[in-house]
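Single-structure report; data block below.
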Amino acid sequence: MRWGKPIVLLLGFALLLWLRAGYAEPGPGLAGNGPAPGHILVFGDSLSAEYGLPRGSGWVGHIEQRLAARKQAYQIRNASISGDTTMGGLQRLPQTLREFSADIVVLQLGANDGLRGLPVAAMKDNLREMIALSQTQGAEVLLVGQHIPPNYGQRYAREFHGAFAELARETGATLVPFMLEGIATEPGMFQPDGLHPTVEAQRHIADTIWAGLEPLLK
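Numbers given in my numbering equal positions in the sequence shown, counted from 1, plus 125.
Pasting the structure below:
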């Protein structure tokens, strides 16, 4: 069978493209062009889930921008759910860790336990187990501390906040003492409900989280 000249030319051109592709430099998403990305899991409640905010304007987005500006290869998954408690988080964390192999877990839960007046001991047990699950998979844990208003009772408020520092000492997790440091007493930094930070507050929260996160980055 004889092939016509156009067919031969087309085959030759295809072969040339194949050879060029075989020796091309790796693209941005290919192995060989810098380190493989690390993975950061943000596991929290409405304070991390952009409640009442435009999509992409929360503190997690600010962290992503900071990592990109520094050319630090990390992929962030925000698995935060508004209204979640430590019990709810404990129930869903194993599946989340199976789906997303995290190098760092930012654990921001407990605020809803406090607002509901749930036992501090139960909250600690749930957080402890979530920390252990994360560490067993080789992840560093950044534990984000919370405060609750004193009208819940001085003793309860003191035990609630102290639980985070106690867990950090016990488990070796890195602690951010208070997520809303510097803005908690500023009414203008909160939405009309008085609980959820505004868009303007998100950069301040990102700065607070970054102080604990940066030492964990490879």
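Just so it is clear, CB atoms sit at the ideal spot from N, CA and C, and this is done for glycine as well.
The structure presented is a predicted model; accordingly, all values stated were derived computationally and were not measured.
For the pair Q260 and A309, the Cα-to-Cα distance works out to about 31 angstroms. The closest CA to that of I165, considering only N251, S226, G208, is found on S226. Nearest neighbour of R180 by Cα position, chosen from E339, G313, I334, T323, turns out to be T323. Residue burial is scored here from C-beta neighbours: N237 has at least 16 other C-beta atoms within 10 angstroms and is therefore classed as buried.
Secondary structure remark: continuous alpha helix (DSSP H) runs of at least 4 residues inside the stretch 196–254, in chain order: 211–224, 236–240. Excluding its 5 nearest sequence neighbours in each direction, M248 has C-beta neighbours in its own chain below 7 angstroms: T211, G235, D238, A288, listed in chain order.
Here L300 is near L268, since their CB atoms are less than 8 angstroms apart. The residue among F168, A198, L178, Q190 with its C-alpha nearest the C-alpha of D332 is Q190. Here DSSP, grouped into helix, strand and coil, assigns T296 to helix. Scanning R241, G183, G214 for the CA closest to the CA of G169 turns up G214.
By DSSP's assignment, F168 forms a beta bridge with L232. Bounds of any beta strand (DSSP E) do not take in L305, whose DSSP letter is neither H nor E.
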